[in-house]
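Line by line, the protein sequences give chains V and P.
Residue numbering for the first sequence follows our numbering, starting at 1 and increasing by one per position.
Residue numbering for the second sequence follows our numbering, starting at 1 and increasing by one per position.
Just so you know, even glycine gets a beta-carbon here, dropped at the ideal spot from N, CA and C.
Only a predicted model underlies this, so the values are computations on that prediction, with no experimental measurement involved.
Below you'll find the structure, written out as structure tokens, and then a few comments.
2 protein chains.
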Amino acid sequence: MRLSLQTDYALRTLIYLAGRPGRHQVREVAEFFRISKDHVAKAVRRLAQQGYIRSVRGVGGGIELARSAESISIGQVVEDFEGSLALLDCVSIEGVCTIQPACGLRHVFAEAERRQLEYLNSVPLSQVVRPAGELQEFVLLDLN
Amino acid sequence: MRLSLQTDYALRTLIYLAGRPGRHQVREVAEFFRISKDHVAKAVRRLAQQGYIRSVRGVGGGIELARSAESISIGQVVEDFEGSLALLDCVSIEGVCTIQPACGLRHVFAEAERRQLEYLNSVPLSQVVRPAGELQEFVLLDLN
DNA sequence: TAAAAGAGGCATTTGAGGTGCATCTTTTGA
DNA sequence: TCAAAAGATGCACCTCAAATGCCTCTTTTA
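Here is the structure:
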């Protein structure tokens, strides 16, 4: 019942980039969050494929937001990385439950999911980002 | 991102019982849903421990609802079986994310979870139950 | 006292996700 | 033109929670 680490890394990367305009390296992001570079790289690839970020290869390359932090919704990122948030198979897949036609559960969980996503979709990336200064300050504290 | 089968079985068992007053055997429930008796038995035990159903051992024993279908909320059952519905560790556990103090994500996902549970808590078991006739009808159809 | 029925524990399997590594491709600049 | 930087990609293994099945124990009734 929780988001995968991939989604977590993707969101963190977006937050990092949104708080620090310009181009940054995957290595830099990974070190900032103390995560393996490989994991960040995989989240980054998907983010690039889905158009959230732009990545540039080669010397001086790196990644940067491809869209404004205001236009990216947290819910959209979660959906792209998690697929459905369906709580039960019967919400998204046909023919799973023996009593399906007579069971109101399907509708109830679909509605629960809808309410959750509706809210997450209403939250733009920009809303969860704090100025880079605050992030930096905390990291320095943490390192001491 | 979905409920465990245990939770699924628990909900189905409750629906079965709510639609058919009186005492029923675990074996009967298992056969109705075409699930292994063992799995149902385990969900049943937890349901009994948490006071949703009453179980009676021995000859002529079985299980039955211990509370009214109106007083049992789907959300409560889900919480009891799934623990937290937190989407991210940082929502329910301290000290997971490096940037936690500067990250608005924690609050956002907590709110998303709250909205989902608020809805699920508002749905009573009685609302997702159809008369036994409907269930029976479908099963007969399915068996042909 | 035997049979019914739930309680409980254990051992195994399984699959998704996490993790690390090796290699390829692109790009730049000396 | 070539070496180094940096992202892209695929592969293999690991890990852990959930699922699964089985066996035995305990309670209850006729």
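- Message: Please tell me whether P124 (chain P) and I72 (chain P) are closer than 8 Å, where the distance is taken between their beta carbons.
- Response: I72 (chain P) sits close to P124 (chain P), with the two beta carbons spaced by under 8 Å.
- Query: Taking Cβ-Cβ distances below 7 Å as the criterion, which residues of the stretch 101-121 of chain V are in contact with chain P?
  - Reply: Answer in chain order: P101, A102, C103, G104, L105, V108, E111, A112, R115, Q116, Y119 and L120.
- For V123 (chain P) and chain V, any beta-carbon pair shorter than 8 Å? Closer than 8 Å: yes.
- Item | Minimum Cβ-Cβ distance from A18 (chain P) to chain V less than 8 Å | Between A18 (chain P) and chain V, the shortest Cβ-Cβ separation is not below 8 Å.
- Item | L17 (chain V) beta carbon less than 8 Å from that of I74 (chain V) | In this structure, I74 (chain V) keeps its C-beta atom at 8 Å or more from the C-beta atom of L17 (chain V).
- Bounding residues of the alpha helix (DSSP H) (the contiguous stretch that carries E64 (chain V)): That residue, E64 (chain V), is in no alpha helix (DSSP H); its beta strand (DSSP E) goes G62 to L65.
- Query: Per DSSP, what kind of secondary structure is R20 (chain P) in: helix, strand or coil?
  - Reply: R20 (chain P) falls in the coil class under three-state DSSP.
- Item | Beta-bridge pairing of R54 (chain V) - partner residues as DSSP gives them | When DSSP reads this structure, R54 (chain V) sits in a beta bridge with V:E64.
- Are any of the Cβ atoms in chain V nearer than 8 Å to that of I74 (chain P)? Closer than 8 Å: yes.
- When Cβ atoms are compared, which residues of the stretch 3-14 of chain V fall closer than 7 Å to chain P? Those would be L3, D8 and L11, in chain order.
- Any C-beta of chain V under 8 Å from that of G95 (chain P): Only weak support is given to the placement of G95 (chain P): the predicted model assigns it a pLDDT of 49, under 50, and the question is left unresolved by the model.
- Query: Are at least three pairs of beta-carbons, each pair with one atom in the stretch 8-26 of chain V and one in the stretch 38-53 of chain V, less than 8 Å apart?
  - Reply: Per the Cβ contact rule, the stretch 8-26 of chain V is in contact with the stretch 38-53 of chain V (3 or more Cβ pairs under 8 Å).
- Task: Determine, using beta carbons only, whether E79 (chain V) comes closer than 8 Å to chain P.
- Result: No, no contact with chain P.
- Item | Helix, strand or coil at S4 (chain V) according to DSSP, with G and I counted as helix | Reduced to three states, the DSSP call for S4 (chain V) is coil.
- Task: Ignore the nearest five residues each way along the sequence and tell me which others in A69 (chain V)'s own chain have a CB closer than 7 Å to its CB.
- Result: The residues are A18, P124, L125, S126 and V129.
- chain P residues whose Cβ lies nearer than 7 Å to that of V40 (chain V): Close partners of V40 (chain V) in chain P (Cβ separation under 7 Å) are lacking, with about 13 Å as the shortest Cβ gap.
- Message: If you reduce the DSSP assignment to three classes, tell me which class S84 (chain P) lands in.
- Response: The answer is coil: DSSP assigns S84 (chain P) none of H, G, I, E or B.
- Any chain P beta carbon closer than 8 Å to V26 (chain V): It does not; no Cβ of chain P falls within 8 Å.
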